[in-house]
Amino acid sequence: MEPEPINWNSISDIIKKHQDEKWGLIPLLQEIQESIGYIPPDSIEQIAQALKLPASHVQGVITFYSGFATEPKGKCVLKVCRGTACHVKGGKSVLNMIKKELNLEEGKTSSDYQFTIETVACLGACFLAPTLMANRDYYGRLSPKKITGILNQYGKLKGDE
Amino acid sequence: MENILFNINDQKIICNPGTTILTAATQNGIHIPTLCFHPDLKPYGACRICLVEDKKSGRLMASCVTPAMQEMEILTDTHRVLNHRRNIVRLMMAEHPESCIVCGKGNRCELRKVAAQLGVGEHGLYQMPNYKPYEQINPFITRDLSKCILCGKCIRADHELVAVGAIDYNNRGFRSRPATIHETALENSNCTFCGTCVSLCPTGALAPKYFHHAGTPEREAASICGFCGAGCSLSIGVSGQKIVEVNPSAEQGAVNGATLCVRGHFANDYINSPGRLTHPLIRQKDANSNEALINVSWDVAMETVAARLTEINIKHGPQSLAFIGSSKCSNEENYLFQKIARAVFGTSNVLNGSYASGQMLLSYIEKKTYGTCRIAPLSDLKGAEVIIAVNADADHTVPVAGYHIKRAAKSGSLIVVIDSLRTDLAILAKQWISPLPPLQMEASCADLINVISKIILRSESYDKNFIDSYTDGLERFAECLKALDGNTISQENRIQYQELEKAADSIKGKKIAFVIGPDIMHNPEGIRTVDALLNLGLLTGSIGKKGSGFYIPVSENNLVGALDMGAVPEYLPGRRLISSDDNRKFFENNWQVKLASETGLDMLGFIEGAESGQIKAAYIMGENLIRSLPQPKRVEAALKKIEFIVVQDILNNRLAKQADAILPAACFAEKSGSFTNMEGRIQTFTPVVSPPGEAKADWQILSLLAKKMGYPEQYGTIEKIRQEIRRLVPMYEGLGNHHQDWIKNNDSHNPFTGNECRFVFSCVEPKVNLLPDADYPFTARIGSLRFHLGCGTRTARSERIRLYDNKGEVEISGSDCLKLGLDEGKIIRVKSAYGSIERNFRINLDLPDGLIVIPMAVNSNDVMNLINLEQIRQADQPGAGFCRVRIEKM
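For the protein sequence lines, the chains are A and B, in the order given.
According to this note's numbering, the stretch in the first sequence is residues 7 to 167, in order.
According to this note's numbering, the stretch in the second sequence is residues 916 to 1805, in order.
Listed below in structure tokens is the structure:
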């Protein structure tokens, strides 16, 4: 399956909005990341030209911050906590189960662009361990049943129906 | 502000506020090891090797980024500091591949040096090499990023010094590496292969590419680059008698600092080319009465040359001889050359090949400004208020000048570019005005500039003081401007009038540095354009002040010097007009001869003279006329008619094949001399290696000739020639006293010296109305590429440049390509009224319609076939820079 086509017009609009700002690069990138879901590599030159920065520099900023992605991600980005507290409470098994259920490796996106699995060092919600984040929502005190529920909620079964 | 007083290792130190601990320590002879520090780059604090300890707080800090504070007590080599440094080096080594034995960096590796100083042999850690693909497809730079220690010198040099921005850090943590955009190979990025990063890399991660074993340099010697007009200081690495590496020298105050360009860095391998001339050759008939060039001794060769030239001189008179000097040879050589021609042979036919490509413009500005613009230090550009660049693609012609302009732009100088081409500078500029290309109907760059002057004049934001004190003719100029209508002119040039207003607004009240392409005079609007710029310069008082004036990025290393030494028909040494009786008298008295009263031939006159049979003999030093002049077939045929041709050159070229005597010469790295660069900086140099075979320095060959001609004065040493220059040429009164010196101005009578002379505003001459030419609708700009210099005689002999395989594609705008129905990847024919060439082409979306760009120097510089030879004489005719063409499908 193809990812959604890139809306180049909206990228151009975002660039226009920020191009005369001082220190406009990061706000600009954040807005593209937010609206497109990632920063298409082909847009880097366009961004660089508008801000009069070297393209290599823009790329450097994008690849430095984990908040920016250069590949399309799934509709649901699962961030599994790999912090100490979660580890003690079985965080690794949570990750393994999700990998197995979705048949997907860590850091990868499913071919239908539904799911992306990522890990984070700590979500800062140790009292809920083991935890994960799906898009912007926290899920804590995970159990196999709860995980299946979350995956279903975010459309794991859509493809099967 | 108060000075900072503090202690390093209990030694009292005083420094200026803001000085870093490292700089203060270095100034006081205290050594602190570094890896990421370089004096020309902003401090970065990446490697942490320069850690020092603050005695009071016990803190460890990187001395390169910590400013010295009052009463600090710094310790540079406590046990703790050393321990930390050792650990940092150990970690670097654990990530470094164990390939020191085969690494070309050898003992010049700074990581190895620091490790040795700290006594780290084995790191004793788990080896975690970070293998990256080895990149070595391009013929200039090999990249082995597994050896990268992330000091960031390459990246900082790329951004801060060269202002290209081809590479930057990519990713982070363990995966972090310098990378191009999309991690492509260097040749697919905007890298210009200037090699600055290679010279700065502390390890073997970046290295020059070699095709066969070259060996590491055994010694390094200083020299001055022999390519373009920048005159960069080089440090040449030599193995045996072979030049194996070229780097920028560490000399303070050099024009190039830590930078070089692709030619200076990588193309000097032409010196080792098998095409070098190594033995004197004389054309003789052999036993079967076939003509051939026979190897002879210097004595026989010079005897023959002297005898034949004397014979022709007696038979046909001195004006049947022509002496063609070279803007690539040194000041001393050009001086001696023109002296021999004028004083020994009595001819006035002294010229050189660079008149059309810059000397004409220099000489025009010289006359109009009374010599007040002879000196234009590039380093002053950094403080320039405004830089206006007109038709100057310095990034390609004189890259180091381009770096200066781009750095000025980054440090806040306002850059206005007037050019129909979107050059690298245009991208960076505050404002880019893109007029209609020259030779197109209605195009007038000159009038655009005049309109800017008009706006400034109207808003009374000109320099009244300067105008009252030093100039004449403003009223007349103002009257001329009244006739110009800004709206019409901007419409005719397809730009908005507001753009001109904006430009005028941003330059008003400021001093301007003008950067002018040396070929600007070669179109019908040329002289008007230069006049317009000179007027704008006077109006704003941009003459005689630091960071203002005229900068001409000339393409040859000693183009200025050849003019100053009088290797031109117009001038005697010291830019003294030959037409003035006083000047001629001066040299007649000093040289004890009568100078010829006829005006000497210019280059076209020489070719015409050869065609008509007037020229019987030519002595050509360091010029490859068949490659560099327009209409090469005509030039070749003309030269065939000359009875006796002496070619004194370093490379066997097409011209040498026609020679009756070949005298092998030494290149810049093999001789002593001095060059004068585009700034007016005179730099001396000494030999780095000896010349190949029996080749001799040009001045030595010339002194042999003088001797054989029975000239009483002997020029056995370079110092002898310099003495004479110092005595007779006030501009060069300090020649040879210092390694670096500047042209002197004290002989010129100019408005600043308080006598009656004043700068005069030029009138606005009526515009030349160009007629449309349906047969040749395109304007071709003959551009140079940074990979080649001028016509490419030397650079084409560089193995690296040859392997880079630049096909010199013609660039065409997208809509022109559509209009003509050209298929990409096919070859096209470009035709002018004088000839045609066949080339690949590519679409350049930045080009305006009607303009195409044809790079010079490739394919034996065949582009010269398109240009009319007649037009190298007249400044205001399409010549070296532009011509009209049509494009045909093949």
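Beta carbons are placed, not taken as given, at the ideal position from N, Cα and C, and that holds for glycine.
Listed by chain order, chain A residues near residue i by CB distance under 9 Å
{"i": "B/Asn1045", "result": "Result: empty, since nearest Cβ-Cβ is about 16 Å, beyond 9 Å."}
{"i": "B/Ala1094", "result": "Ser62, Gln65, Gly66, Thr69"}
{"i": "B/Asn862", "result": "Any property of residue 862 of chain B remains undetermined from this structure, which presents chain B solely from 916 to 1805."}
Boundaries of the alpha helix (DSSP H) in which residue i is found, first to last residue
{"i": "A/Cys92", "result": "90–94"}
{"i": "B/Cys1112", "result": "1111–1115"}
{"i": "B/Ile1371", "result": "1360–1373"}
{"i": "B/Leu1554", "result": "1547–1555"}
{"i": "A/Pro6", "result": "The question about residue 6 of chain A has no answer, for chain A in this structure spans 7 to 167."}
{"i": "B/Met1008", "result": "994–1010"}
Residue i - containing beta strand (DSSP E), residue span
{"i": "A/Tyr71", "result": "Careful: A/Tyr71 lies outside any beta strand (DSSP E) and carries neither H nor E."}
{"i": "B/Asn1759", "result": "Note, B/Asn1759: premise wrong, no beta strand (DSSP E); not H, not E."}
{"i": "B/Ile1787", "result": "Unbroken run through B/Ile1787: none, as it is neither H nor E."}
{"i": "B/Pro1163", "result": "1157–1163"}
{"i": "A/Ile123", "result": "121–126"}
{"i": "B/Gly1765", "result": "Here B/Gly1765 belongs to no beta strand (DSSP E), and DSSP marks it neither H nor E."}
{"i": "B/Thr1694", "result": "1693–1698"}
{"i": "B/Pro1687", "result": "Neither: B/Pro1687 is in no beta strand (DSSP E) and is coded neither H nor E."}
{"i": "B/Leu1056", "result": "In the sequence under discussion, the amino acid at residue 1056 of chain B is Ile, which differs from the Leu named in the question. Unbroken beta strand (DSSP E) run through B/Ile1056: 1056–1059."}
{"i": "B/Ser1154", "result": "1148–1154"}
{"i": "B/Gly1240", "result": "1236–1240"}
{"i": "B/Asn922", "result": "919–923"}
{"i": "B/Glu1206", "result": "1206–1210"}
{"i": "B/Gln926", "result": "926–930"}
Cross-chain neighbours of residue i in chain A, by beta carbon under 7 Å
{"i": "B/Ile1082", "result": "Ser62"}
Beta-carbon neighbours of residue i, restricted to chain A and to distances below 8 Å
{"i": "B/Ala1341", "result": "Chain A residues near B/Ala1341: none, gap ~12 Å exceeds 8 Å."}
{"i": "B/His1127", "result": "Here the premise fails: no neighbours, minimum Cβ distance about 32 Å."}
Residues that residue i contacts on chain B, provided the C-beta gap is smaller than 9 Å
{"i": "A/Ile12", "result": "Those within 9 Å of A/Ile12 in chain B number zero; the least Cβ separation is about 16 Å."}
Whole-number beta carbon distance between residue j and residue i, since they are thought to touch under 8 Å
{"i": "B/Asn1365", "j": "B/Ala1447", "result": "5 Å"}
{"i": "B/Val1079", "j": "B/Thr1107", "result": "6 Å"}
{"i": "B/Ala1136", "j": "B/Val1603", "result": "4 Å"}
{"i": "B/Leu1685", "j": "B/Met1356", "result": "5 Å"}
{"i": "B/Leu920", "j": "B/Ile929", "result": "6 Å"}
{"i": "B/Met987", "j": "B/Asn922", "result": "7 Å"}
{"i": "B/Cys1678", "j": "B/Phe1392", "result": "7 Å"}
{"i": "B/Ile1320", "j": "B/Ile1302", "result": "6 Å"}
Contact with chain E by residue i, beta-carbon distance below 9 Å
{"i": "A/Gln120", "result": "Annotation note: the requested chain E is absent from the structure, which comprises protein chains A and B."}
- Is the stretch 1212–1231 of chain B touching the stretch 1566–1581 of chain B in the sense that three or more CB pairs, one from each, lie closer than 8 Å? Taking a cut-off of 8 Å on C-beta distances, the stretch 1566–1581 of chain B touches the stretch 1212–1231 of chain B, as three or more cross pairs fall below it.
- For the stretch 1376–1396 of chain B and the stretch 1471–1488 of chain B, state whether three or more C-beta atom pairs, one from each stretch, are separated by less than 8 Å. With a cut-off of 8 Å, the stretch 1471–1488 of chain B and the stretch 1376–1396 of chain B do not count as touching, because too few Cβ pairs lie within range.
- Message: Counting only Cβ-Cβ distances shorter than 8 Å, please list the residues of the stretch 994–1021 of chain B near chain A, keeping chain order.
- Response: For the stretch 994–1021 of chain B, which is checked against every Cβ of chain A, not one residue is closer than 8 Å.
- Task: Select from the stretch 1049–1080 of chain B all residues with a C-beta closer than 7 Å to any C-beta belonging to chain A, and list them in chain order.
- Result: Among the residues of the stretch 1049–1080 of chain B, those with a Cβ less than 7 Å away from any Cβ of chain A are His1074, Gly1080, in the order of the chain.
- Within 9 Å of chain A by C-beta, residues of the stretch 1167–1186 of chain B in sequence order: Along the stretch 1167–1186 of chain B, there is no position whose C-beta sits under 9 Å from a C-beta of chain A.
- Query: Touching or not, the stretch 1540–1551 of chain B and the stretch 1292–1309 of chain B, by the rule of three or more beta carbon pairs under 8 Å?
  - Reply: No, the stretch 1540–1551 of chain B does not touch the stretch 1292–1309 of chain B.
- Residues from the stretch 1093–1116 of chain B in contact with chain A, defined by Cβ distance under 9 Å: Per Cβ criterion, the list reads Pro1093, Ala1094, Thr1095, Ile1096, His1097, Glu1098, Ser1104, Asn1105.
- Item | Contact list for the stretch 33–50 of chain A against chain B, Cβ threshold 7 Å | Answer set for the stretch 33–50 of chain A: Pro47, Ile50.
- Query: Between the stretch 1249–1265 of chain B and the stretch 1394–1408 of chain B, are three or more C-beta pairs nearer than 8 Å?
  - Reply: Contact between the stretch 1249–1265 of chain B and the stretch 1394–1408 of chain B is absent, with fewer than three C-beta pairs closer than 8 Å.
- Message: Using 8 Å as the cut-off, can you tell me whether the stretch 1739–1754 of chain B makes contact with the stretch 1703–1711 of chain B, which would need three or more C-beta pairs spanning the two stretches below that distance?
- Response: No, because fewer than three Cβ pairs between the stretch 1739–1754 of chain B and the stretch 1703–1711 of chain B fall closer than 8 Å, the two stretches do not touch.
- Item | the stretch 1254–1263 of chain B in contact with the stretch 1230–1245 of chain B per 3-pair CB rule at 8 Å | Taking one beta carbon from each stretch, the stretch 1254–1263 of chain B and the stretch 1230–1245 of chain B have 3 or more pairs nearer than 8 Å; the two touch.
- Message: For the stretch 1092–1111 of chain B against the stretch 1140–1147 of chain B, do three or more pairs of beta-carbon atoms, one drawn from each stretch, fall closer than 8 Å, so that the two count as touching?
- Response: Touching, no.
- Query: Is the stretch 1439–1458 of chain B touching the stretch 1202–1211 of chain B in the sense that three or more CB pairs, one from each, lie closer than 8 Å?
  - Reply: Look at the beta carbons and you see the stretch 1202–1211 of chain B not touching the stretch 1439–1458 of chain B: under three pairs across the two are nearer than 8 Å.
- Message: Would the stretch 1068–1086 of chain B count as touching the stretch 948–958 of chain B if we require 3 or more Cβ pairs under 8 Å?
- Response: Yes, since at least three Cβ pairs between the stretch 1068–1086 of chain B and the stretch 948–958 of chain B fall closer than 8 Å, the two stretches touch.
- Query: Does the stretch 1456–1470 of chain B come close enough to the stretch 1278–1288 of chain B that 3 or more CB-CB pairs lie under 8 Å?
  - Reply: The stretch 1278–1288 of chain B is in contact with the stretch 1456–1470 of chain B.
- Query: If you pair each beta-carbon of the stretch 81–88 of chain A with each one of the stretch 113–126 of chain A, do three or more pairs fall below 8 Å?
  - Reply: The stretch 81–88 of chain A, when compared against the stretch 113–126 of chain A, does touch it at the 8 Å Cβ threshold.
- Item | Contact the stretch 1619–1638 of chain B vs the stretch 1304–1320 of chain B: 3+ CB pairs below 8 Å | In short, these stretches do not touch, since the Cβ pair count stays below three.
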